[in-house]
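Numbering (full-length UniProt numbering), first residue to last: 1 to 663.
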């Protein structure tokens with residue numbers, strides 16, 4: 001229960017109020033459709049709640065009303081006059097049973113804390129029920145295995161070599177695990193003219209994450225679980241400016257093996273989300289990170305890594321155009337990018353924490369272990385204020401003179417000063433279309449029609465997410481049902497429901513703003529007919545995560561999207577290109593098996609330094625629908641993998657991409 005508004009809502013959501021009178025439409029936010037809270041004005045003249053606009057701008061780069069290009073930094077607080085008008089709106093005390101008072105909105109918090117008998121009664125009952133909770137570890141620390149625990153027939157070819165440091169184990173993945181098709185590594189006849197790639201190297205590392213706010217989300221999206229073909233829990237995305245991004249050691253594609261000593265390599269998706277959302281100041285994660293193909297022996301790699309230290313450095317720019325004064329280069333004999341020089345008087349030189357020859361591992365949470373100087377410069381130039389570096393340093397080593405990369409005619413050095421523009425090949429907008437699928441493992445969908453009689457001025461009382469302009473092309477879904485509208489009173493529309501239509505108007509093809517407009521215009525009538533899709537868990541014993549989501553901005557779990565019917569799927573084409581002697585760089589799981597029937601193909605891993613990794617559009621957890629237009633439904637591993645290998649230089653993958661679960 002929020003102590004400021006006296007209502008139940010998620011920690012990161014807006015406060016909720018019961019207003020005495022109908023609020024003028026000019027004082028209503030057109031994102032949440034509620035009276036404005038902490039109003040923010042855009043340069044184009046529109047006003048939204050601070051939190052609504054902040055959340056919206058994390059997904060989009062335009063104004064929700066007129067779709068003009070917009071960044072959050074261009075917006076500013078509304079005038080004092082507007083804020084005072086909003087603060088003086090009359091609201092009811094939420095504890096109607098014990099307190100029938102009304103007051104200005106700005107006075108409600110003081111009323112609850114000092115005068116409200118209902119809130120005082122609630123606090124005393126809560127205090128009486130509180131008991132100290134003692135929790136022990138549910139499982140002893142599990143032994144880390146590189147092969148999937150479910151597969152006892154796994155070959156012993158993938159041996160593990162323990163490095164000198166007890167915090168890391170380096171494994172050579174010589175053979176793919178059972179059921180894992182790995183087009184990232186393939187033999188080639190021309191290979192005898194090249195240095196032999198001895199193995200695909202991965203490293204198991206324990207990472208300690210510290211949080212000042214114990215309830216703060218980590219800021220990464222995950223996919224997988226034992227109840228999906230992926231098996232393991234895999235990081236799909238690391239969000240900018242998050243706890244994980246600031247730490248810089250976890251990257252998309254990493255497999256999470258343990259959380260605080262508990263083995264999660266063979267738990268369900270929901271169980272893994274629950275473990276990772278558990279609040280606490282310190283989180284210990286054991287992760288498996290693929291390092292790419294190695295031309296050297298594992299012993300050489302582990303020896304060269306000794307005495308190196310990982311250093312975190314934050315530089316703060318006064319504005320986007322301020323240069324850092326760093327020159328970056330690429331070496332021909334070692335992957336990644338390195339600091340060549342720090343310009344005298346520059347921001348980095350004044351800070352004094354970065355050094356020549358530091359290898360840049362990540363900037364603002366974006367993995368640059370296999371990156372280029374141009375990519376690093378682009379990240380720095382587009383950052384508004386804080387630039388978070390994670391670098392690897394080996395004391396006592398001086399940088400040799402820079403050399404040009406033999407694979408390109410351009411200079412391999414780049415400056416973050418922003419003087420020279422960074423040119424990128426322009427990509428065409430991918431083609432999105434719908435397709436058929438029969439896979440609904442774990443979750444099924446149920447269509448329902450809800451007819452409601454209401455007052456014309458009464459709001460629906462829901463907030464929504466998604467839209468076909470979202471980067472994942474999601475359908476419109478309900479993010480909250482607030483206790484001040486007709487849908488809360490009716491009780492049939494729930495959080496997570498996918499909205500199909502309102503009063504006969506199709507919502508499935510609309511973008512976010514079009515859907516908000518359609519809902520708002522139809523809510524003004526005496527009756528509303530909503531068609532919605534409720535996604536239900538097949539296994540009713542799976543614990544609900546609603547209770548554990550306090551403090552997390554709510555969004556559907558990745559696994560629930562797998563239960564969406566095929567007519568709501570929106571596919572996109574991803575075109576990959578490679579050289580004759582390269583492999584595509586991703587591994588897949590799924591396909592037809594006699595004992596399991598038809599399962600979709602999912603991307604399980606993307607190997608650093610490969611075409612799939614460099615393209616950055618393909619994500620772990622993406623479902624492959626077709627290869628060069630040939631549907632993959634009904635194929636087995638042994639049928640799909642030759643098709644991928646036959647494509648020598650170019651392949652078009654048609655995929656469905658659902659956002660991973662936020663933890």
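Ideal Cβ positions, reconstructed from N, Cα and C, are used throughout, including at glycine. Model, not experiment: these values are computed from the prediction.
1. Is it buried or exposed, residue 547, if we count other Cβ atoms within 10 angstroms and call 16 or more buried?
2. Pull up the distance between the alpha-carbon of residue 459 and that of residue 591, whole angstroms please.
3. With respect to the beta strand (DSSP E) encompassing residue 111, which residues constitute its N-terminal and C-terminal limits?
4. Using only CA atoms, which one of 117, 317, 226 and 251 lies nearest to residue 273?
5. What are the residues that DSSP puts in a beta bridge with residue 224?
6. For the beta strand (DSSP E) that contains residue 466, what are its first and last residues?
7. Is DSSP giving residue 486 helix, strand or coil here?
8. May I have the straight-line CA-CA distance separating residue 484 from residue 23, to the nearest angstrom?
9. Identify every residue that forms a DSSP beta bridge with residue 263.
10. Cα separation between residue 112 and residue 372?
11. Do residue 568 and residue 475 have their C-beta atoms within less than 7 Å of each other?
12. Please go through the same chain and pick out, in chain order, the residues whose beta-carbon is closer than 8 Å to the beta-carbon of residue 15, but skip the five residues on each side of it.
13. Determine whether the beta carbon atoms of residue 611 and residue 644 lie at a separation below 7 Å.
14. How long is the line joining the alpha carbons of residue 258 and residue 278, rounded to whole angstroms?
15. Mind checking whether residue 287 and residue 392 have CB atoms under 7 Å apart?
16. Can you give me the start and stop residues for the beta strand (DSSP E) that residue 626 sits inside?
17. Buried or exposed: residue 578, going by 16 or more other Cβ atoms within 10 Å of its Cβ?
18. Helix, strand or coil, according to DSSP, for residue 643 in the structure here?
19. Buried or exposed: where does residue 358 fall if 16 or more other Cβ atoms within 10 Å of its Cβ makes it buried?
20. Check for me: the alpha helix (DSSP H) holding residue 322 runs from which residue to which?
21. Classify residue 564 as helix, strand or coil using the three-state DSSP reduction.
22. Going by other Cβ atoms of all chains shown within 10 Å of its Cβ, with 16 needed for buried, is residue 97 buried or exposed?
23. With distance defined between alpha-carbon atoms, name the residue in 471, 486 and 587 nearest to residue 511.
24. Confirm, please, whether the CB-CB distance from residue 497 to residue 716 is below 7 Å.
25. Is residue 122 helix, strand or coil by DSSP?
26. Assuming the contact rule is C-beta atoms closer than 8 Å, residue 531 and residue 646 should be a hit. Round their C-beta distance to whole Å, please.
27. Which complete beta strand (DSSP E) runs does the UniProt domain "PDZ" (312-395) hold, if anything under 3 residues is left out?
28. Should the segment 245-258 be regarded as contacting the segment 622-634, the criterion being three or more beta carbon pairs within less than 8 Å?
29. With the cut-off set at 7 Å, would you say residue 30 and residue 65 are in Cβ contact?
30. Flag residue 20 as yes when its Cβ comes closer than 6 Å to any non-hydrogen atom of the ligand FMN, and as no otherwise.
31. Counting only the same chain and skipping the five closest in sequence on each side, list residues whose C-beta sits under 7 Å from that of residue 397.
32. Around the C-beta of residue 126, are 16 or more other C-beta atoms found within 10 angstroms, so that it is buried, or is it exposed?
33. Which whole-angstrom value describes the C-beta separation of residue 365 and residue 238, a residue pair presumed to lie in contact below a C-beta threshold of 8 Å?
34. From the DSSP secondary-structure annotation, give me the bridge partner or partners of residue 21.
35. Relative to the C-alpha of residue 600, which residue among 607, 210 and 632 is closest?
36. When you compare only the Cα positions, how much space is there between residue 75 and residue 44?
So, from the listed chains and residues:
1. If you number the chain shown from 1, residue 547 lands on position 547. Residue placement at residue 547 cannot be trusted, given a pLDDT of 37 that sits under 50; the coordinates are not used to answer.
2. Here the question's residue 459 lines up with position 459 in the chain shown. Here the question's residue 591 lines up with position 591 in the chain shown. Cα to Cα, residue 459 sits roughly 46 Å from residue 591.
3. As a position in the chain shown, residue 111 is number 111, starting the count at 1. Careful: residue 111 lies outside any beta strand (DSSP E), inside the alpha helix (DSSP H) at 108-114.
4. For the purposes of this step, residue 273 is identified with residue 273 of the chain shown, where counting begins at 1. Cα-wise, what sits closest to residue 273 is 226.
5. Within the chain shown, residue 224 is the residue found at index 224, counting from 1. Answer by DSSP bridge pairing, in chain order: 233.
6. Residue 466 sits at position 466 when you count from the first residue of the chain shown. That run of the beta strand (DSSP E) goes 462-467.
7. Locating residue 486 in the chain shown gives position 486, counting from the first residue. Reduced to three states, the DSSP call for residue 486 is helix.
8. One-based indexing of the chain shown puts residue 484 at position 484. One-based indexing of the chain shown puts residue 23 at position 23. Between residue 484 and residue 23, the C-alpha separation is close to 13 Å.
9. In the chain shown, residue 263 corresponds to position 263, counting from 1. In DSSP, residue 263 forms a bridge with 258.
10. Numbered from its first residue, the chain shown carries residue 112 at position 112. Numbered from its first residue, the chain shown carries residue 372 at position 372. Near 56 Å, if we compare the C-alpha coordinates of residue 372 and residue 112.
11. For this step, residue 568 is matched to residue 568 along the chain shown. For this step, residue 475 is matched to residue 475 along the chain shown. Contact flag set, yes.
12. Looking up residue 15 in the chain shown gives position 15. Taken in chain order, the residues that qualify are 2, 4, 5, 7, 9 and 37.
13. Position 611 of the chain shown holds residue 611. Position 644 of the chain shown holds residue 644. Against a cut-off of 7 Å, the Cβ pair of residue 644 and residue 611 comes out as no contact.
14. Numbered from its first residue, the chain shown carries residue 258 at position 258. Numbered from its first residue, the chain shown carries residue 278 at position 278. Spanning the two alpha carbons is a distance of roughly 13 Å.
15. Position 287 of the chain shown, counted from the start, is the residue given in the question as residue 287. Position 392 of the chain shown, counted from the start, is the residue given in the question as residue 392. Their beta carbons are not under 7 Å apart, which means residue 287 does not touch residue 392 by this criterion.
16. Stepping through the chain shown from its first residue, residue 626 is reached at position 626. Start and end: 623-627.
17. One-based indexing of the chain shown puts residue 578 at position 578. Burial call: buried.
18. Taking the chain shown and counting its residues from 1, the one referred to as residue 643 is at position 643. DSSP places residue 643 in helix when its eight states are reduced to three.
19. Indexing the chain shown from 1 puts residue 358 at position 358. Burial call: buried.
20. Looking up residue 322 in the chain shown gives position 322. Note, residue 322: premise wrong, no alpha helix (DSSP H); not H, not E.
21. Within the chain shown, residue 564 is the residue found at index 564, counting from 1. Coil.
22. Your numbering for residue 97 matches position 97 in the chain shown. Classification of residue 97: exposed, given that the 10 Å Cβ count is below 16.
23. On the chain shown, position 511 is the one that residue 511 refers to. For the residues 471, 486 and 587, the minimum Cα distance to residue 511 belongs to 471.
24. There is no way to answer for residue 716, as the model of the chain reaches only from 1 to 663.
25. In the chain shown, residue 122 corresponds to position 122, counting from 1. Helix, per DSSP.
26. The residue labelled residue 531 in the question sits at position 531 within the chain shown. The residue labelled residue 646 in the question sits at position 646 within the chain shown. Their Cβ separation, rounded to whole angstroms, is 44 Å, which puts residue 531 and residue 646 out of contact at 8 Å.
27. 326-330, 337-342, 359-363 and 386-393
28. no
29. As a first step, residue 30 must be located in the chain shown, where it is residue number 30. As a first step, residue 65 must be located in the chain shown, where it is residue number 65. Yes, these two residues count as a Cβ contact at 7 Å.
30. Among the ligands in the structure shown, none appear at all, so the ligand FMN cannot be discussed.
31. Position 397 of the chain shown, counted from the start, is the residue given in the question as residue 397. Here residue 397 scores only 43 on pLDDT, less than 50, and its place in the model should not be relied on; the value that follows carries that caveat. Same-chain partners within the cutoff: 357.
32. Along the chain shown, one-based indexing puts residue 126 at 126. Exposed, because fewer than 16 other Cβ atoms sit within 10 Å of the Cβ of residue 126.
33. As a position in the chain shown, residue 365 is number 365, starting the count at 1. As a position in the chain shown, residue 238 is number 238, starting the count at 1. Yes, residue 365 and residue 238 are in contact; Cβ-Cβ is about 5 Å, under 8 Å.
34. Residue mapping note: residue 21 aligns to position 21 of the chain shown, counting from 1. In the DSSP output, where bridge partners are listed per residue, residue 21 has none listed.
35. Residue 600 sits at position 600 when you count from the first residue of the chain shown. The shortest C-alpha separation from residue 600 is found at 632.
36. For the purposes of this step, residue 75 is taken as the residue at position 75 of the chain shown. For the purposes of this step, residue 44 is taken as the residue at position 44 of the chain shown. One C-alpha to the other measures close to 9 Å.
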